[in-house]
């Protein structure tokens with residue numbers, strides 16, 4: 001079902017087969033220890049060069065997990081990485097959720113079943129373009145709390161959750177020393193960007209977080225990303241588009257890249273970012289060329305912000321991230337294939353990479369250089385040829401010139417290096433891979449429309465030439481405007497949005513009564529003016545009604561509102577509907593950000609002066625009626641009083657729609673195209689698949705072609721100009737062929 005604002009709310013009923021996975025009691029690996037030195041992680045006594053792929057388990061359905069992990073392994077990943085999501089695991093304080101998309105244990109075990117390692121980034125602040133950065137909203141209500149600083153209430157809650165996760169992993173025998181896949185943990189997340197905002201208390205907090213984590217006895221190393229002052233045994237790591245120049249804060253720590261941004265996130269009404277795979281491969285090759293040891297793609301699969309989990313403000317439901325595996329769980333070519341070839345070439349170099357404490361450097365030209373790794377560090381390979389019986393030798397030849405192809409001489413042979421590229425020579429002689437030469441094919445996704453075009457409504461999309469049927473008989477029910485239940489309450493003055501909703505809904509109704517005298521009406525007519533509603537600041541969406549009639553809508557992040565309104569003589573109900581579109585997920589002092597309104601609200605243009613509404617008596621109502629009656633569920637939807645939708649019917653501001661479709665045969669993913677709708681939310685068989693908003697990206701800013709050469713930034717290779725940011729891909733379901 002879908003909530004449509006200005007257009008409607010749809011309900012699609014779907015029968016799904018949920019595949020259950022069972023796990024043997026046997027260990028995934030023979031128990032092994034994980035330590036590190038200055039060069040790399042040491043796994044079971046051996047240094048390793050590791051490729052990691054980020055997959056956030058709640059951004060995919062559990063039915064997708066096995067295939068995503070298998071595709072990651074096939075693509076060359078050794079490790080799977082994920083955050084944990086506090087607000088998903090503890091939506092109510094003390095009440096934990098480790099089921100469905102939040103079944104962390106099942107996900108980690110699936111990774112182990114595939115013979116892959118696991119990097120678990122507990123945080124518990126995660127950013128991740130996830131609602132409120134992963135913090136549960138109830139955390140704001142704890143007396144005296146200040147997030148992410150030397151604050152006892154916060155530290156107590158943080159330690160309780162981190163301990164819960166570590167204990168759960170230990171109980172399930174998921175750490176390496178227990179035969180499990182977890183080799184690395186993370187505490188905090190990118191705090192170095194915020195630390196200065198908290199002064200000395202921030203420095204003390206970093207020390208406390210490190211000591212707290214180490215004291216949990218997890219038995220594997222811990223990292224802190226973007227934390228150059230990471231204390232003691234905590235490894236500080238890099239997050240960026242390029243990390244080949246990064247060095248940790250101690251010569252005894254290895255160089256680890258926890259976030260290689262292979263794309264970027266998107267906001268409603270924004271263009272779609274794209275990072276060329278040639279540049280991405282160049283960044284990875286340069287990292288290992290210059291001494292890196294573990295690199296993690298953020299993301300290898302991005303997925304979907306199901307329900308109301310997208311962060312804010314205004315991040316879209318899709319979290320595709322231009323990743324090697326797309327939002328549907330399909331390989332995104334040529335990115336997936338080119339990176340697979342890159343990983344294979346790096347693996348061919350691993351023997352030499354782990355043997356050498358540091359590379360030998362050789363300048364090949366003004367902007368060309370070589371780094372050589374080999375086992376016998378007492379000899380030189382620059383001008384000699386190794387026989388098969390001698391030690392392994394591997395070399396990386398880089399051309400950092402952004403414009404010109406250059407021919408260089410290395411060990412007596414000539415090599416042509418395209419601009420902004422790295423050639424990998426696993427045997428110091430033959431080129432196995434060049435980052436700028438893409439051999440993988442480009443993928444083309446075919447979609448079929450499974451909805452009759454006679455109805456201007458959401459469409460069912462499938463990724464092959466299979467056609468599913470969907471009923472042409474749509475039904476609808478109107479959502480009431482304003483206060484709809486006896487659960488409302490009245491307060492003198494304005495309340496902050498989240499203090500009322502507790503984020504149980506995006507929506508909060510505010511209603512107050514305004515009296516307009518005959519003198520006011522005469523004053524407006526004589527002076528040819530109209531009253532105006534002025535709000536100092538609001539976020540994210542506001543709809544203004546008078547006596548149930550929509551006066552106007554405003555959207556933005558803490559923007560001023562100046563909205564002309566119309567009153568009749570006598571009493572009128574002024575109703576304000578504030579709405580969140582993802583809570584702030586990044587920045588200092590998140591607990592103070594809030595939602596709704598800030599400052600003064602007033603009506604101007606009245607004969608006797610402005611009317612200050614900030615201290616008026618307001619009636620509050622959380623959410624929409626259909627939302628709280630759960631008419632999107634199979635059990636409750638028939639109680640809503642649905643009527644057949646007439647194609648010529650004029651939609652109200654809020655309408656719920658529903659229809660039925662048959663589940664398609666096969667195992668291909670499907671999605672719903674909501675391009676014909678306006679703004680709202682969608683459900684399928686009780687499952688909240690996300691928000692939608694048919695906003696269009698600016699027409700300019702997208703190049704005709706994308707030049708991979710040169711430093712990448714998120715605005716460099718934009719696509720989708722002049723088109724809606726997101727119209728389809730709302731929900732991915734995989735059906736077994738037996739359905």
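Residue numbers (the numbering used here): 1 to 739.
Cβ coordinates follow ideal geometry from the N, Cα and C atoms, glycine included.
None of these values were measured; they are calculated from a predicted model.
Residue i in three-state terms, based on DSSP
i           : result
residue 725 : coil
residue 116 : coil
residue 69  : helix
residue 582 : coil
residue 718 : coil
residue 327 : coil
residue 228 : coil
residue 425 : strand
residue 266 : coil
residue 8   : Caution applies to residue 8, whose pLDDT of 39 falls short of 50 and renders its modelled position unreliable; the value that the coordinates give is listed next. Three-state DSSP puts residue 8 in coil, outside helix and strand.
residue 346 : helix
residue 61  : coil
residue 192 : helix
residue 186 : strand
residue 499 : helix
residue 89  : helix
residue 338 : helix
residue 23  : For residue 23, the predicted model reports a pLDDT of 37, less than 50, meaning its position is unreliable; a value from the coordinates is still stated below. The answer is coil: DSSP assigns residue 23 none of H, G, I, E or B.
Span separating the alpha-carbon of residue i from that of residue j
i           : j           : result
residue 633 : residue 231 : 50 Å
residue 691 : residue 481 : 20 Å
residue 521 : residue 569 : 7 Å
residue 375 : residue 428 : 12 Å
residue 661 : residue 478 : 22 Å
residue 177 : residue 35  : 11 Å
residue 65  : residue 110 : 8 Å
residue 638 : residue 727 : 28 Å
residue 358 : residue 209 : 32 Å
residue 276 : residue 258 : 20 Å
residue 98  : residue 254 : 33 Å
residue 537 : residue 580 : 14 Å
residue 608 : residue 151 : 49 Å
residue 671 : residue 266 : 19 Å
residue 69  : residue 214 : 29 Å
residue 407 : residue 416 : 4 Å
residue 353 : residue 46  : 12 Å
residue 631 : residue 723 : 32 Å
residue 33  : residue 310 : 37 Å
residue 509 : residue 573 : 12 Å
residue 636 : residue 657 : 14 Å
residue 669 : residue 101 : 17 Å
residue 195 : residue 163 : 23 Å
residue 360 : residue 315 : 45 Å
Where residue i falls, given that 16 or more other Cβ within 10 Å makes a residue buried
i           : result
residue 492 : exposed
residue 555 : buried
residue 403 : exposed
residue 489 : exposed
residue 409 : exposed
residue 529 : exposed
residue 297 : buried
residue 84  : buried
residue 649 : exposed
residue 587 : exposed
residue 561 : buried
For residue j and residue i, believed in contact at Cβ under 8 Å, the rounded distance
i           : j           : result
residue 223 : residue 186 : 5 Å
residue 88  : residue 124 : Not really, about 11 Å apart at Cβ, beyond 8 Å.
residue 585 : residue 128 : 7 Å
residue 677 : residue 272 : Incorrect: roughly 20 Å between the Cβ atoms, too far for contact.
Beta bridge counterpart(s) of residue i as assigned by DSSP
i           : result
residue 553 : 543
residue 181 : Answer is none; residue 181 lacks a bridge partner.
residue 51  : 295
residue 598 : 537
residue 566 : DSSP, once it has assigned bridges, lists no residue as partnering residue 566.
residue 200 : According to DSSP, which records beta bridges pairwise, residue 200 is partnered with nothing at all.
residue 127 : Paired residue(s): none; residue 127 is not in a bridge.
residue 121 : 83 and 186
residue 261 : 298
Residue i: CB within 7 Å of a non-hydrogen atom of the ligand GTP
i           : result
residue 187 : Questions concerning the ligand GTP fall outside what the structure shown contains, since it holds no ligand whatsoever.
Interface flag, residue i vs chain C, CB-CB below 8 Å
i           : result
residue 495 : The chain labelled as chain C is not found in the depicted structure, where only one protein chain is given.
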